[in-house]
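What follows is a short report on a single structure.
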Amino acid sequence: MELAALAPEPVEAELLHATLEAYSRPLSLEGAGLRRLVGLKILRESGARGRSVGGVRYDFYHHRIRETIRSEIPATRRRALHLRLADSLAELHPDDAEALVRELLLGGDELRAATYAEAAAEAAMSRLAHARAADLFRLALKYAGRSDAPRLHVRLGQALEGTARFGEAAEQYRAGLGDPDGAQLRGVERTRVELRLAHCLMQVGRLEQSGSLVERCLADLGHRPHRSRPRRALAIAWLLVRILFCDLFVGRLRKRDTPSIEARLTAYSLAVPHFQFTSRNLEQLEFALRYRLLGTRSPAAEVRQEAHAMGLVLLLPFAHVGGPLTRPIARHFRALEAGAAKVATERSRAWLPLLRALYAMVSGRPDLAIPHFAELRDLSASQTGYVALQRHNALFLSGAYDAYVADVAATAHHDGALTPLDIARLAYIERVRGHRETARRLTEDLARTRPEDVPWTHRSPYTYQLVELKLLDGDSIEAVRLARSLQPRIRRGAISPTTGAYESVDAVVRAFLSDARRLARAGERGEAEAIIEEARRALGRAPILAPPLFSARLYHDRALIALALGRRARALRLFDEAEKRSRARVVPCFRLRLCEDLLELLSPTDPRRDAIAEEAAKLALTERLVRRAGRAPWLDPLA
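If you count the sequence shown from 1, position 440 lands on 489 in the numbering used here, and the numbers rise without skipping.
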């Protein structure tokens, strides 16, 4: 009875039999005593009874009977019985390491439990039970010797990475790589762990650290990080020829991916977003092609799926161009759809809905991206990092503010805190809805936040949002100070939507023009003209190719500069182009701002005024926004 009360419920008859035979006088489970307990409805029997006890299980009729018996067993005897059960489990079910760990811990033998914990953790990893595996690896680490600790740190990092706890995983990878003797991790294996660390750092937005690791790993794999542009261009041309040849003459898949090949694939997959974020377009192209070439013949369906995703990532900034590019985009999406049923990992399953969402975003329809992001909600990796950031961007830009607030709250619960970007956006929502005091309290929380403490991927939208808030408050001096920190992001080659270049241009132009108005009113016309010229030069460095999500904003900014320079006719033509480009796009905050600027500039007799005024009123009512009072400070700053 005591053993049945302490054993995992329901208890196997075979386990009871083995434990009793080993530690007590032989006792037949067919005895009258056991049958009497079953007859009295204290125990119940399940499973097929034959000539052996195999498959037969016993359980108590009511959990309170078990609790009563268990409460009457002295603590020392309880521990001894758990150890007896552990010995029997080790003999009968040596592969059930997790059950062994449970009994040994309850028996107080923690050292012995730790020896089984790693095996139990590995079994949990094979079942994709990453959270349970992390707990077991921690237990194994608690009693591990010095020689085993680096390996266990790495495996714990992998378990945590599987639960999307990237910050914690990075700490474990660092601990595993920090082995002073270097005996555990060498060569390709060390490179693979460093790449995992780089991936975790990238997920939490630490791109500077992640990027340096990626470049170092590429160098370890034989790729020179700094190569002249002509040499890199020649390498890209050669890769294109090889890919074309492979597409024409499809070879057989490799039998296996060696550790070296796996390291290269991981390095290339991380190099692509790293060089994309930092606007190094040739490097991004080179390593996307390298992944495509190496991954297409991989025996792993997950790798082949990512190879097609790489093609779509490269074409993302050009998706709106149309023409010949529509065919390869459609081909890659068809391949992703065909491969979606053949992959099991979260990363591989995420590619199709994620890229559909990003293509909708870049096309200027963040509202259409939201359903695709919803398909990712069951994946743990979508609750944090880059995917969560892009989902929040879609909700915020589409004006779904209530849904955005709810999503941010859920993400903060997962991560443990709101990010500075979350707080800045929440403050903006409160501000444009007329809740000035709530917005002020939120922005006060950001007063001690340093820019370097904000993840790189969040930094430009975070600073942009602060500029917006300062302009709404009429503080052009602080808006200019913040906008200047965004100027390094503005580069002609920053064509990827993720570089932050487009938001930075918009922030610089409106902040600088607003401050020019302040300077002109203070009688400092020369300084006002100088800052307008500085804004014009910044706009001249805008990326050469703007997708629909940003093109209307850039035309709007060009119109503002033309107006500031006294070229009113050109400004009105640019305003018309901005209005036309934003007409079919669902980005309410930008559309409302443009409508309000047009109402300030169009003559009272202009036939378009009524339609624009009606649209502005409808937008404000639908989104519960407070209309702007007075003339915008960035309009005609020298007037």
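Cβ atoms here follow ideal geometry from the backbone N, Cα and C, with glycine treated the same way.
For I472, the closest alpha carbon among the candidates L246, A461 and L491 is that of L491. Bounds of any alpha helix (DSSP H) do not take in R499, whose DSSP letter is neither H nor E. Under the three-state reduction of DSSP, H484 is assigned to coil, being neither helix nor strand. Here DSSP, grouped into helix, strand and coil, assigns F298 to coil. Non-local C-beta neighbours of S397 in its own chain, meaning closer than 6 Å and more than five positions away in sequence, comprise E351 and Q354, ordered along the chain. A Cβ-Cβ contact shorter than 7 Å links P597 with G413. The continuous alpha helix (DSSP H) containing R630 extends over residues R617 to R632. Restricting attention to R619, G523, G575 and A528, the CA atom closest to the CA of R677 is found in G523.
Taking a C-beta distance under 7 Å as the contact criterion, C644 and A627 do not qualify as a contact pair. Between E527 and the set R440, A556, A224 and A399, the nearest pair of CA atoms involves A556. In its chain, beyond the 5 residues on either side, Y551, D555 and F639 have a beta carbon closer than 7 Å to the beta carbon of R602. Every alpha helix (DSSP H) of 4 residues or more that sits fully in the region 409–475 is shown, in chain order, as 415–423, 434–446 and 450–464. Here the alpha carbon of R586 sits roughly 18 Å from the alpha carbon of L623.
Within the region 161–222, the complete alpha helix (DSSP H) segments of 4 residues or longer fall at 179–191 and 198–211, listed in chain order.
Your pair F215 and T433 checks out as a contact, with CB atoms roughly 7 Å apart and the cut at 8 Å. Cβ-Cβ distances below 6 Å link R567 to S525 in the same chain, with the five nearest sequence neighbours on each side left out; the list follows chain order. Between the alpha carbons of L246 and D606 lies a distance of about 40 Å. I661 and L647 have their C-alpha atoms spaced approximately 8 Å apart. Between Y453 and F445, the gap from beta carbon to beta carbon is short of 7 Å. Per the C-alpha coordinates, the member of D197, S175, R200 and E167 positioned closest to L185 is E167.
The C-beta distance from A183 to A208 rounds to 4 Å, short enough to fall under 8 Å. By the 16-neighbour rule on beta-carbons within 10 angstroms, W400 is buried. Separation of L342 and F382 (C-alpha to C-alpha, rounded to the nearest whole angstrom) is 18 Å. Looking from the CA of R499, the closest CA among R485, L515 and T487 belongs to L515. By the Cβ criterion, the region 315–324 is in contact with the region 249–261, since at least three pairs of Cβ atoms, one from each stretch, lie closer than 8 Å.
Under the DSSP assignment, Q354 falls in the alpha helix (DSSP H) whose first and last residues are A350 to L364.
Every alpha helix (DSSP H) of 4 residues or more that sits fully in the region 531–598 is shown, in chain order, as 550–570 and 574–589.
Cβ-Cβ separation between L270 and A337: approximately 16 Å, too far for a contact (criterion under 8 Å).
Contact between the region 414–434 and the region 608–618 is not established, with fewer than three Cβ pairs separated by less than 8 Å.
Listed in chain order, the non-local C-beta contacts of P682 below 6 Å within the same chain comprise S563 and R566, local neighbours out to five positions each way being set aside. The DSSP-derived three-state label of L338 is helix. Note on geometry: alpha-carbon atoms of L470 and L293 lie some 43 Å from one another. The distance from the Cβ of L518 to that of A476 is about 6 Å, consistent with a contact at the 8 Å cut-off. Here A356 has Y340, R341, G344 and T345 as same chain residues with Cβ atoms under 7 Å from its own Cβ, once five neighbours each way along the sequence are excluded.
CA-to-CA, the gap between E576 and L651 works out to about 29 Å.
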